[in-house]
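Heads up, the sequence shown is in the numbering used here, so the first residue is 97 and it goes up one at a time. The beta carbon of each residue, even a glycine, is placed where N, CA and C say it ideally should be. Please read these numbers as outputs of a predicted model, since none were measured by experiment. A short worksheet on the structure shown next.
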Amino acid sequence: MGNFGTAVNSLLSTYTKCLSLLNGFPKDEDPGPLSHTRSTLSISLRSDRARVRREYASRLSQDGSRFEKGDAPARSALRRIVRKLTITLADVVRSFHDPKGQPINSESLLALSTGSSLDAVRAMNDLSTRFTG
């Protein structure tokens, strides 16, 4: 990841991949708990992706190209977030394709999605503070 903007785009892309994977799961005909879980997770992923996108756009308009370039701690923080989401995404795919796989823990996925977006916003706030401080 060359600059912070690229790292943010990678994170947004990871959220999009998570949504695509979720939409690829077989749909239940009966609207029950699984359907509700899928809907809740989809809403959370969209909201978290939008939170990151909004915060980045806001900070970019305030701090300009320095913010887009970022610094090593900010880029590293986003790389860790993307890595964590990517590993979890791979685990979900493996679990889905393995008939003996562990059931997917939707609450953990919700917490990871929200926590990741909050960590990304924190990294952006910290970066902005380093520029102004």
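Query                                                                                                                                                                                       : Result
Taking only three categories from DSSP, how would you classify Met97?                                                                                                                       : The pLDDT assigned to Met97 is 46, lower than 50, so where the model puts this residue is not dependable, and the model offers no usable value.
Cα separation between Ser213 and Arg145?                                                                                                                                                    : 7 Å
Ser140: buried (16+ other C-beta within 10 angstroms of its C-beta) or exposed?                                                                                                             : buried
Ile183: buried (16+ other C-beta within 10 angstroms of its C-beta) or exposed?                                                                                                             : exposed
Taking C-alpha atoms, which residue in Lys165, Val148, Ile200, Lys196 lies nearest to Val178?                                                                                               : Val148
Return yes when the C-beta of Leu107 is under 6 Å from any heavy atom of the ligand ADP, and no when it is not.                                                                             : The model on display carries no ligand, and the ligand ADP is accordingly not part of it.
Taking Cβ to Cβ, would you say Asn99 is nearer than 7 Å to Gly166?                                                                                                                          : yes
Fully enclosed by the region 154–215, which beta strand (DSSP E) runs are 3 residues long or longer?                                                                                        : none
Thinking C-alpha only, which one of Leu205, Ser172, Arg175, Arg171 is nearest Asp187?                                                                                                       : Leu205
Please report the straight-line C-alpha distance between Asn201 and Leu181, rounded to a whole angstrom.                                                                                    : 14 Å
Identify, in the order they occur along the chain, each residue of the same chain with its Cβ nearer than 6 Å to the Cβ of Glu151, setting aside the five sequence neighbours on each side. : Val217, Met220
Would the beta-carbon of Leu223 fall within 7 Å of that of Ala170?                                                                                                                          : yes
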